[in-house]
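Chains as they are written, first to last, in my numbering: chain R, 2 to 246; chain X, 1045 to 1633; chain Y, 22 to 147.
The C-beta atom is built at its ideal place from N, Cα and C for all residues, glycine as well.
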Amino acid sequence: MPDITVEVLRYQPDTAEAPYLESFTIPYTEDMSVLQGLQYIKDTVDGSLTYRWSCRMAICGSCGMMINGIPELACHTFLRDYAPGPIRVEALNHFPIERDLVIDATDFMEKFPKITPWIEPKVAKKPSEGEYLQTPAELERFEQFSHCINCMLCYAACPQYGLDKDFLGPGLTALLHRYNMDSRDGASAKRMELVHSEEGVWSCTAVGYCSEVCPKQVDPANAVNQNKTKSAVDWFTRFLPGSKP
Amino acid sequence: METFSFDIAIVGGGGAGLRAAIAAAEADPSLRIALLSKVYPMRSHTVAAEGGSAAVTRSDDSLEHHFNDTVSGGDWLCDQDVVEYFVAHCTEEMTQLEHWGCPWSRKEDGHVNVRAFGGMKIERTWFAADRTGFHMLHTLFQTSMKYPSIQRFDEHFCCDLVVDDGRVQGVVAIEIATGGFKLIRAKSVIIATGGAGRVFRQNTNGGIVTGDGMALAYRHGVPLRDMEFMQYHPTCMPGTGLLFTEACRGEGGLLTNKDGYRYLQDYGLGPPDPWPRKKAMELGPRDRLSQAFWHEERKGRTIETPQGPAVNLDLRHLGEAKLRERLPQIYELAVEFMGIDPAKSPVPVRPAVHYTMGGIPTNVLTASPLPGLYAVGECASVGIHGANRLGSNSLAELCVFGKVAGEEAARFAKSVPPPEEPELLRQANAAKDRALQVLKRPVMGERLADVRDSMAKSMERGCGIYRLEDEMRETCEELAKLKERFASVALKDHSERWNTEWLSTLELGFQLDVAQAMAHSALERRESRGAHQRLDAYKTRDDVKYLKHTLATYQGDSTPAITYSDVTITKSQPAERVYGGAAKEVTHA
Amino acid sequence: MSYIRPMEGWWKKNPFFLRYMAREATAVFVYLYGLLLVGGLVNLAAGEAAFNGWLAWLRSPVGVGFQLVCLAVFAYHTWSWFVIMPKTMPPVMVAGKRLKGSAITASGVVIALVASLVIFFLTVTP
Chain R
2 MPDITVEVLR YQPDTAEAPY LESFTIPYTE DMSVLQGLQY IKDTVDGSLT YRWSCRMAIC
62 GSCGMMINGI PELACHTFLR DYAPGPIRVE ALNHFPIERD LVIDATDFME KFPKITPWIE
122 PKVAKKPSEG EYLQTPAELE RFEQFSHCIN CMLCYAACPQ YGLDKDFLGP GLTALLHRYN
182 MDSRDGASAK RMELVHSEEG VWSCTAVGYC SEVCPKQVDP ANAVNQNKTK SAVDWFTRFL
242 PGSKP
Chain X
1045 METFSFDIAI VGGGGAGLRA AIAAAEADPS LRIALLSKVY PMRSHTVAAE GGSAAVTRSD
1105 DSLEHHFNDT VSGGDWLCDQ DVVEYFVAHC TEEMTQLEHW GCPWSRKEDG HVNVRAFGGM
1165 KIERTWFAAD RTGFHMLHTL FQTSMKYPSI QRFDEHFCCD LVVDDGRVQG VVAIEIATGG
1225 FKLIRAKSVI IATGGAGRVF RQNTNGGIVT GDGMALAYRH GVPLRDMEFM QYHPTCMPGT
1285 GLLFTEACRG EGGLLTNKDG YRYLQDYGLG PPDPWPRKKA MELGPRDRLS QAFWHEERKG
1345 RTIETPQGPA VNLDLRHLGE AKLRERLPQI YELAVEFMGI DPAKSPVPVR PAVHYTMGGI
1405 PTNVLTASPL PGLYAVGECA SVGIHGANRL GSNSLAELCV FGKVAGEEAA RFAKSVPPPE
1465 EPELLRQANA AKDRALQVLK RPVMGERLAD VRDSMAKSME RGCGIYRLED EMRETCEELA
1525 KLKERFASVA LKDHSERWNT EWLSTLELGF QLDVAQAMAH SALERRESRG AHQRLDAYKT
1585 RDDVKYLKHT LATYQGDSTP AITYSDVTIT KSQPAERVYG GAAKEVTHA
Chain Y
22 MSYIRPMEGW WKKNPFFLRY MAREATAVFV YLYGLLLVGG LVNLAAGEAA FNGWLAWLRS
82 PVGVGFQLVC LAVFAYHTWS WFVIMPKTMP PVMVAGKRLK GSAITASGVV IALVASLVIF
142 FLTVTP
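Following this line, the structure appears as structure tokens:
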């Protein structure tokens, strides 16, 4: 079996040292993912190598990391595409490193409830009265934005988030947009307050890298930038009768 | 040690745990609810479920049909009173999810669409493309954020229960980021920690599915029920074991062997046409399909892949447009992981361990034998799956019984006095010491991965799709030896912060106990039923001796004690499980 | 203690970011060209001699050089604007199917080219 060199950015919080690169040379097979490579290292070479993972199929969002400087999910990035290496694996950008490849996701998790990520129905209805009707066309208006797996690759991609942690960021704006576009929901006005703010869409400068790296084709750049138009229109029409506050 | 007081503690933040938390919060907003999860809730394994969630919907369907499909699918090992409750509440729960925003796939008129699924007489599986578990989990998680009374302890590893005065009184958890221990006192505890599929080698499960909650209850004297019944999902990726949803077959996909032959017709599931047809051929139940693969492999009719033998899942006739609309996630999976375009080539698949039918026994109110302890979801054996689960019943289970668990735990919490402080702290400190003993292991010794992989291989061999007395016995012996070896597993990482090697070692301890319960339960069940099929002297179902649940009781370092309990039979008397062409004619008494 | 990595030099580390910075930098040239045009207006108001002086500068080597640089930069600016344009729009439905981002970009580029050619011929032909 051929070998590949994997360079991992290690960080031990117990010491005062800065992160350092450690090199491992491991055998690999055609179908091995970077995640499997890390598991091999942890199982046979260094049990202290630390990373998050679970589903192995790009749906749980745990294993986001920088692979050769690009935000990727380790479970569906394959060693064969980087052989013989070295392939450089680091913690996701723009987040504090807690240990090795584990980042501190507190900022994202704390912002999450602020986007009102639930349905506030336009029309009250009891489950016993049946489902809300929603045509396939209405579903299509928001479905793409509902595919976000909260992997935070877009936050690692976004330089504005890197420079200013107050920015709501691509992923959460996409989720916010998902709810605004859902025909069953009536809380757009509340969410738009967040959108209008400095930390909302106006911190975005349309770099667009977030949509490039998104593993689920959510296109958060679209969600954010569509809302710039909405925000501007809302602002200009705010004195018209019938416009929302 | 930091201590907290809550009314209810929920261990596990997947679909079941979240549904229970929401139900408890709605039952009484003044109750304080702690929701612990060793991962962020959106990483829970519910996220990987694909195909759908069952609920009677069509006018030509009925609760009786769903009931009969489930009971016969479970080879009559289901508690029929529980199944009756279950089927009667699925539709309401799926509708509730819809109200909370779940993006169910729709018909043109705006009503929710339903698809055919394995072992089900009529289409009743609600689906959200082929990402149903993902959408259900995210809907539940995001909805749970509405309730201020739910306090989450994300990335907290539950290492023990605290039991005093004959009832559960809290949990002890490790904050993963710091290694700090917390005592979370609670008047009722709900375990919703999922299954234990990772004890087997090839499986569809995520790394976190290690039977934690089952082991914790087990070690506190709660028997584990029906542990021998492990579901092999017939269509998984060779090597990784990743799941190709049953919906592939629900949408019309075919299974062919190396000769291009739809081999399922040789195993009582035919005739092959007309296709698609409910409960026949590729829409038969999972245990039968996995067993057919096993036979095909023995006959040398499977295809060889670099990751081992497989059969072909042929989706070409569905066409790219339909595949991208109905099965987008598995399309991506085939392309990204295997370099195969399902619209142009068949996809090699094979069975892998997928679901744990057994678990912590509960009644229909999700109460375990230990007062104050509730269990719900895959970690529980509430009685609906019996010896074999029908696809799309488990996602529905999360919500139907998640709600019950939340309401019951709330009711119990209000009925009992607050706990005795000093005793709980003493127990918590003892649990902390036990966990820290593992952290202090030397750097030289057995390798964690070796013990884990040996367990997984042994379980695959002894408790596979077909079982033999000798092989099961061998696995039981190997597990006993592995438990000894486990005591000498070394630890390289002695940090307290984010020490996943330490936690993996604790998880392996849980897994070995659960594996023992599985292997001994399998050995002692001397019949074949559902997912437990034997090729030795016990090839047939024995309703005289074994129309019973198996109970495995922890005996510390000794092997588990195996006893039996009754199955509740109400409307449906055990009959022959009939699929294929004949299924249309059979009506159940 | 968690470790926070510095953002210094972030834009140099990825070709995507280099292209982004180049796009942003084109705004500087738009600004300078705008100043040039304002200069033209001011000189026009100041009388024929002043205006001819301004035209002469436009024809000088430096002037021509500057305008050629601007032309190249504006071409990149236009291209990069149309690349990002689909991201700013809600879905565009054509005959029941959603228009792809690349189609929107392509349309924008074509319209820009046609408009440029029209204006070119209008100014060049007598």
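Please classify residue i: does DSSP put it in a helix, a strand, or coil?
i, result
"X/Leu1313", "coil"
"X/Val1630", "With a pLDDT of only 39 at X/Val1630, under 50, the local geometry of the prediction cannot be trusted, and the value read off the model is given with reservation. Three-state result, X/Val1630: coil."
"X/Val1253", "coil"
"X/Ser1412", "coil"
"X/Gly1177", "helix"
"R/Met67", "strand"
"X/Met1274", "strand"
"R/Pro246", "Legend: pLDDT at R/Pro246 = 48, less than 50; position of this residue unreliable, value from coordinates given subsequently. The answer is coil: DSSP assigns R/Pro246 none of H, G, I, E or B."
"R/Gln218", "coil"
"X/His1264", "coil"
"X/Cys1134", "helix"
"R/Met193", "helix"
"Y/Ala96", "helix"
"R/Ala158", "helix"
Following the continuous alpha helix (DSSP H) through residue i, name the residue where it begins and the one where it ends.
i, result
"Y/Val51", "Pro36 to Ala67"
"X/Arg1394", "No alpha helix (DSSP H) contains X/Arg1394, which is instead part of the beta strand (DSSP E) from Val1391 to Thr1400."
"X/Thr1607", "No alpha helix (DSSP H) contains X/Thr1607, which is instead part of the beta strand (DSSP E) from Ser1602 to Asp1610."
"X/Val1482", "Glu1465 to Leu1483"
Can you give the Cα-Cα distance for residue i and residue j, rounded to whole angstroms?
i, j, result
"X/His1398", "X/Met1562", "15 Å"
"R/Phe237", "R/Pro137", "33 Å"
"X/Ala1453", "R/Gly48", "39 Å"
"X/Ala1633", "X/Cys1520", "Note that X/Ala1633 scores 30 on pLDDT, short of 50, meaning its location in the model is unreliable and no value can be drawn from it."
"Y/Phe129", "Y/Trp32", "The amino acid occupying residue 129 of chain Y in the given sequence is Gly; Phe does not appear at that position. Cα to Cα, the separation comes out at about 27 Å."
"X/Gly1057", "X/Phe1445", "15 Å"
"Y/Ala71", "Y/Trp100", "35 Å"
"X/Leu1550", "X/Glu1422", "20 Å"
"X/Ser1030", "X/Val1212", "Since the first residue shown for chain X is 1045 and the last is 1633, residue 1030 of chain X is missing from the structure and cannot be characterised."
"X/Gly1312", "R/Glu144", "41 Å"
"X/Arg1159", "X/Arg1330", "17 Å"
"R/Val234", "R/Met193", "12 Å"
"R/Leu241", "R/Lys231", "15 Å"
"Y/Leu56", "X/Arg1541", "59 Å"
"Y/Leu134", "R/Tyr156", "36 Å"
"X/Val1630", "X/Val1622", "With a pLDDT of 39 at X/Val1630, under the threshold of 50, the predicted position of this residue should be treated as unreliable, though the coordinate-derived value follows. Cα-Cα distance, rounded: 8 Å."
"X/Val1426", "X/Thr1400", "12 Å"
"R/Pro246", "R/Ala190", "In this predicted model, R/Pro246 has a pLDDT of only 48, less than 50, meaning its place in the structure is not dependable; the value taken from the coordinates is given anyway. Each residue's alpha carbon lies about 8 Å from the other."
"X/Ser1616", "R/Cys56", "38 Å"
"X/Gly1224", "X/Ala1411", "30 Å"
Taking 7 Å as the cut-off, decide whether the C-beta atoms of residue i and residue j are in contact.
i, j, result
"X/Pro1320", "X/Leu1359", "no"
"X/Ala1449", "X/Ile1234", "yes"
"R/Gly172", "R/Tyr162", "no"
"X/Pro1282", "X/Gln1373", "no"
"R/Val219", "R/His148", "yes"
"X/Lys1151", "X/Asn1157", "yes"
"X/Gly1506", "X/Glu1490", "no"
"X/Ala1291", "X/Ile1194", "no"
"X/Met1593", "X/Arg1269", "The residue you asked about is not Met; residue 1593 of chain X is His in the sequence shown. The answer is yes: Cβ separation under 7 Å."
"X/Ala1230", "X/Ile1428", "no"
"X/Gln1275", "X/Arg1511", "no"
"X/Met1189", "R/Pro114", "yes"
"X/Glu1295", "X/Arg1196", "no"
State the start and end residues of the unbroken beta strand (DSSP E) segment that holds residue i.
i, result
"X/Ala1071", "Note, X/Ala1071: premise wrong, no beta strand (DSSP E); alpha helix (DSSP H) at Gly1059 to Ala1071."
"X/Arg1211", "Arg1211 to Glu1219"
How close, in whole Å, do the beta carbons of residue i and residue j come, if the pair is a contact with beta carbons under 8 Å?
i, j, result
"X/Ala1324", "X/Gly1625", "6 Å"
"X/Ala1078", "X/Ile1054", "7 Å"
"X/Cys1134", "X/Ala1173", "That pair is no contact at about 20 Å."
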